[in-house]
Amino acid sequence: MTGGDGRSLRRRELMTGAAGLAGLALALRTSPARAASKRVESLLDQMTIDEKAGQLSCYADMIRPPVGDINPVVNQRNTEQLLAEIRASRIGTLFNGEGVEGALLAQTTAVQQSRLGIPLLFAADVIHGFKTVFPIPLAEAASFDPGLAERTARAAAVEATSYGLHWTFAPMVDVARDQRWGRGAEGSGEDVFLGEAMAQARVRGFQGRDLAAPDSLLATAKHFAAYGAVTAGLDYNTVELSEETLREVHLPPFKAAFDAGCLAVMSAFNDINGVPATANKHLLTDILRNEWDFRGVVISDYTADQELVAHGFAADDRDAARLAILAGVDISMQSGLYSRYLPELVSSGLVPMAVVDSAVRRVLSLKERMGLFDQPYRSLDAKAQAANTATPAARALSREAGARSIVLLRNDAGLLPLPTQGQRIALIGPFAEDRDNILGPWAFYGDRSLGVDLATGIRAALADPSKLTIARGCDVENTLLGGYDQAVAAAAAADVVLLAVGEGQNMSGEAQSRTEIGLPRVQQRLAELVAQTGKPMVVLLRHGRALTLDGAVKAAPAILATWFLGAETGNAVADVLFGKVNPSARLPVSFPHESGQEPYAYNHRTTGRPAPQADDSQEYKARWRTTRNEALYPFGYGLGYTTFVLSNIRLSTARLAWNDKLYVTAQVANTGKVAGEHVVQLYVRDRVASRTRPVRELKRFIRVALKPGEKRDVRFTLERGSLMFVGDGDRWLAEPGMFDLWVANNAVDGLAASFELLGA
Ligand code: BGC
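Residue 333 in the working numbering sits at position 286 of the sequence shown, and the numbers go up by one each step.
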């Protein structure tokens with residue numbers, strides 16, 4: 048009854064197909080011949096070991112840096128040094144530079160002045176947009192709309208390639224179940240299935256149909272692997288993980304990305320069970336190459352090979368280079384270790400030439416696949432750069448994506464949407480007019496001057512802009528002289544308060560781990576003082592992770608989770624506030640009651656002593672002294688300006704044969720007064736298995752748009768492939784027996800049914 052690799056692959060295909068993801072047929076085919084082309088083999092034959100090491104080396108592009116401090120300063124070279132090294136064939140890839148002019152200089156040098164004329168690859172962290180910044184990936188995951196993610200990735204690719212880029216270090220597909228970890232902002236949240244869907248959509252969007260097209264941006268699934276599982280949510284920290292959970296939770300989004308045609312993967316900073324990911328042969332060779340037959344390239348994270356020394360895993364830099372290449376890292380990012388040590392490691396026999404050759408073959412094959420040998424100046428067109436910068440279409444897409452990423456958490460007595468006239472509105476808080484915290488983390492190339500702040504967006508939506516007053520109240524983490532008094536006065540003089548509070552953009556993202564995931568104290572104080580005026584309050588949260596909500600913020604009659612929405616923040620928020628857009632996003636991460644519940648995810652296991660839902664006073668149950676272990680706002684949760692009612696769940700059979708399909712149908716009705724979209728979710732629980740199973744797992748979701756009064760049946764298909772888990776022998780398997788399922792609005796409600804999976 049165990050499922051082999053073939054079966055697990057099939058499972059992915061089934062899941063994707065039944066999720067209703069558009070355009071699977073567009074997925075790139077990833078089956079280059081195992082032996083490289085004649086051109087690549089002939090180049091390889093001519094290359095010296097120094098030139099080979101050069102192809103495997105990637106350095107920060109200081110010829111055309113957008114800003115100085117994207118990463119720690121190590122081994123940086125100035126323009127002259129870089130050009131000299133390109134001439135000497137010591138560089139294969141440059142990263143995090145922008146602009147056609149500098150790229151032309153570098154590429155001309157490589158093609159015309161290096162011995163073999165091998166073109167460079169230009170890479171960058173294009174995470175959520177380039178010049179036009181889109182919502183952070185976590186926000187966009189809240190849209191539960193892979194089609195939207197595909198469109199924003201495509202638009203980002205068009206802009207980025209116009210600036211002389213070929214390759215993005217995205218998508219980040221790390222599943223993140225600890226909200227203390229700041230990098231959750233770059234991913235798709237806590238769920239595997241949603242993570243797979245978003246990973247595939249982004250790969251398709253970045254790469255487009257043809258990798259050799261000038262507007263195709265090679266995608267990188269990162270960070271391989273289990274970076275999201277760092278202990279205590281502390282960035283870069285140790286990971287202790289069972290093989291089952293690694294394979295069941297953390298690896299599937301990578302596999303999904305590869306199935307969609309992704310040809311690059313980045314090895315992570317962290318160690319796993321004592322072996323750093325960047326020297327992890329089990330991950331980089333056994334699983335990636337041997338089990339999955341991945342044909343693309345592995346690049347280390349920034350100096351991650353060199354960090355093997357600090358991990359206490361490598362004796363010195365030379366040893367680190369040896370361990371990384373032998374484990375399966377093809378390209379070394381920024382440390383310079385491969386250039387420095389591979390020639391000697393090969394001559395002394397510590398690294399077989401064949402290992403280096405395989406890595407070089409993969410890099411050259413990728414360059415060939417991307418059309419660089421035939422068109423080394425692809426994507427280097429100054430006219431395209433000018434034409435594709437922040438076009439009206441890209442900005443409109445950013446606005447649309449922003450509005451579709453906003454989650455309405457609370458809306459007592461229909462406070463929202465607000466009328467566009469007749470009310471005096473006080474916009475209060477550090478983000479009211481702020482333009483420094485709009486774009487979110489990892490948006491270095493974004494044009495800040497194009498960002499629309501909240502005040503600007505809201506004013507533009509009002510019939511009489513003079514009805515809006517602004518009071519900052521406090522800074523993100525500090526008080527302002529007289530700030531509280533001004534805020535209270537503004538609230539007192541208004542009919543309704545918009546309180547814009549949350550995290551600054553430097554509070555999430557890389558290295559931004561938090562022990563408490565609530566509002567900074569000064570902002571909480573602001574909220575309490577403003578609430579005391581008794582004015583109706585709408586909270587506009589800004590954040591790169593799930594937050595805990597307290598006091599007046601938690602009790603506010605209306606709350607919107609607005610994340611970091613990018614360039615069109617103010618307009619997108621206004622669209623939702625005033626009802627131009629009916630919010631339809633759903634949480635991709637659970638909002639816990641308290642920080643101490645983290646790591647928290649809806650799909651936890653049950654324990655032998657589950658806490659009873661109805662009675663939280665019982666001792667000796669899996670509960671906290673102060674809180675039941677459940678979410679304040681669960682995964683999948685979100686409201687809109689209309690109401691949806693699910694009813695009439697039907698299963699095509701109560702006894703699913705081993706190779707058969709189960710059709711699950713339910714009716715969804717828009718019972719409110721305005722048109723809207725609902726995300727209908729299907730969850731499953733395996734009642735009894737040879738491994739304890741999560742209380743629920745998302746298996747399908749579908750977006751349905753309904754007019755007021757309209758109802759429609761939604762139908763999901765399930766097969767055995769969706770009922771599998773990783774069990775004995777670290778293999779995917781399904782076990783006959785009873786399963787519960789729910790057609791639901793979120794991870795904790797829904798219409799329940801059950802069925803039996805029959806044995807083979
Ligand atoms: C990050 C990567 C990123 C790289 C290059 C590292 O610090 O972990 O995600 O791609 O820097 O900028």
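Using N, Cα and C, we set each Cβ at its ideal position, and we do this for glycine too.
Small disclaimer: the values here were computed from a predicted structure and weren't measured.
On the three-state DSSP scale, how would you describe Thr764? Thr764 falls in the strand class under three-state DSSP.
Quickly, what does DSSP pair His725 with across the bridge? List them, please. Note: His725 sits in a beta bridge opposite Val751.
How would you label Gly655, buried or exposed, when you count the other beta carbons within 10 angstroms and need 16 or more for buried? Flag for Gly655 reads exposed.
Measure the C-alpha to C-alpha separation of Gly231 and Gly768 and round it to an integer number of angstroms. The straight-line gap from Cα to Cα measures roughly 28 Å.
In three-state terms, what does DSSP make of Pro512? Here Pro512 sits in helix by DSSP.
Beta strand (DSSP E) segment containing Phe142, residue limits: 140 to 142 is the extent of the beta strand (DSSP E) around Phe142.
Select from Ala100, Val250, Phe748, Ala621 the residue whose C-alpha is nearest the C-alpha of Ile138. Check the Cα spacing between Ile138 and each of Ala100, Val250, Phe748, Ala621: the tightest is with Ala100.
Please classify Ala65: does DSSP put it in a helix, a strand, or coil? In this prediction, Ala65 has a pLDDT of 32, which is less than 50 and means its spatial position is unreliable; nothing more can be read from the coordinates.
Sufficient close CB pairs (3 or more, under 8 Å) joining the stretch 568 to 582 to the stretch 471 to 485: In this structure the stretch 568 to 582 touches the stretch 471 to 485; the number of beta carbon pairs closer than 8 Å is three or more.
Measuring straight from C-alpha to C-alpha, what distance separates Cys309 and Arg365? Distance between Cys309 and Arg365, taken at the CA atoms: about 31 Å.
Put Pro79 into one of helix, strand or coil per three-state DSSP. Annotation note: pLDDT 37 at Pro79 (below 50); position unreliable, no value reported.
Here's the rule: buried if 16 or more other CB atoms are within 10 angstroms of the residue's CB, otherwise exposed. What is Gly581? Burial call: exposed.
Under the criterion of a Cβ to heavy atom distance below 7 Å, does Glu557 qualify as lining ligand 1? Yes, Cβ of Glu557 sits closer than 7 Å to a heavy atom of ligand 1.
According to DSSP, which residues form a beta bridge with Ala791? Per DSSP, Gln728.
Would you mind giving the Cβ-Cβ distance between Ser347 and Ile378, rounded to the nearest angstrom? I have them listed as a contact below 8 Å. That belief holds up - the Cβ atoms of Ser347 and Ile378 are roughly 7 Å apart, short of 8 Å.
Determine the direct distance from the alpha carbon of Glu744 to that of Leu698, and round the result to whole angstroms. In this structure, the CA atom of Leu698 is about 18 Å from the CA atom of Glu744.
Residue range of the unbroken alpha helix (DSSP H) whose run includes Gly559: Looking at the sequence itself, residue 559 is Gln, so the reference to Gly does not match. It is not in any alpha helix (DSSP H) - Gln559 carries neither H nor E in the DSSP assignment.
Taking the alpha carbon of Pro193 as the point to measure from, which residue in Leu703, Arg251, Thr503 has its own alpha carbon closest? Closest in C-alpha terms to Pro193, from the list Leu703, Arg251, Thr503, comes Arg251.
Which residues bound the beta strand (DSSP E) around Tyr647? It is not in any beta strand (DSSP E) - Tyr647 carries neither H nor E in the DSSP assignment.
CB contact check: Met94 to chain B, cutoff 8 Å: This model lacks chain B altogether; it includes just one protein chain.
Please state if the CB of Asn327 and the CB of Ala268 are separated by a distance shorter than 8 Å. In this structure, Ala268 lies away from Asn327, with their beta-carbon atoms at least 8 Å apart.
Given 7 Å as the limit, tell me if Tyr106 has its C-beta closer than that to any heavy atom belonging to ligand 1. No - ligand 1 has no heavy atom lying nearer than 7 Å to the Cβ of Tyr106.
Which one of Phe786, Pro657, Glu677 has the shortest CA to CA distance from Leu729? For Leu729, the closest alpha carbon among the candidates Phe786, Pro657, Glu677 is that of Phe786.
Neighbourhood of Ala72 by C-beta distance below 7 Å, restricted to the same chain and skipping five residues each side: Because the pLDDT at Ala72 is just 31, under 50, the model does not fix this residue reliably, and the value given afterwards should be weighed accordingly. Correct list: empty, nothing qualifies.
Which residue wins for smallest C-alpha separation from Trp339, given the options Leu411, Val543, Ala304, Thr325? Among Leu411, Val543, Ala304, Thr325, the Cα nearest to that of Trp339 belongs to Ala304.
Can you tell me the Cβ-Cβ gap for Val173 and Pro300, rounded? I've got them flagged as a contact below 8 Å. No, Val173 and Pro300 are not in contact; Cβ-Cβ is about 19 Å, not under 8 Å.
Between the stretch 693 to 713 and the stretch 646 to 653, do three or more beta carbon pairs fall short of 8 Å? By the criterion of at least three beta-carbon pairs nearer than 8 Å, the stretch 693 to 713 is not in contact with the stretch 646 to 653.
Phe169 (DSSP reduced to helix, strand or coil): The three-state reading of DSSP puts Phe169 in strand, counting E and B together.
So for Ser801, helix, strand or coil by DSSP? When DSSP states are grouped into helix, strand and coil, Ser801 belongs to the strand group.
What do you reckon, are the CB atoms on Ala608 and Leu456 nearer than 8 Å? In this structure, Ala608 sits near Leu456, with a CB-CB distance shorter than 8 Å.
Quick check: the stretch 714 to 723 against the stretch 681 to 698, are there 3 or more CB pairs under 8 Å? Using a Cβ-Cβ distance cut-off of 8 Å, the stretch 714 to 723 and the stretch 681 to 698 are in contact, since at least three pairs of beta carbons, one from each stretch, lie closer than that value.
Rounded to the nearest angstrom, how far is the Cβ of Ala83 from that of Arg336, given a contact under 8 Å? Ala83 to Arg336, Cβ: 15 Å. No contact.
Contact defined as beta carbons within less than 8 Å: I believe Phe748 pairs with Glu295. What is the distance between those atoms, to the nearest angstrom? Contact between Phe748 and Glu295 does not hold, since the beta-carbon distance rounds to 19 Å and is not under 8 Å.
Cβ of Lys708 within 7 Å of any heavy atom in ligand 1? Outside the cutoff, so no.
Please confirm if the stretch 507 to 520 is in contact with the stretch 553 to 567, defined as three or more CB-CB distances below 8 Å between the two stretches. The stretch 507 to 520 vs the stretch 553 to 567: no contact.
Looking at C-alpha atoms only, which residue of Lys302, Glu237, Leu129, Trp228 is the closest neighbour of Tyr283? Of the candidates Lys302, Glu237, Leu129, Trp228, Trp228 places its Cα closest to the Cα of Tyr283.
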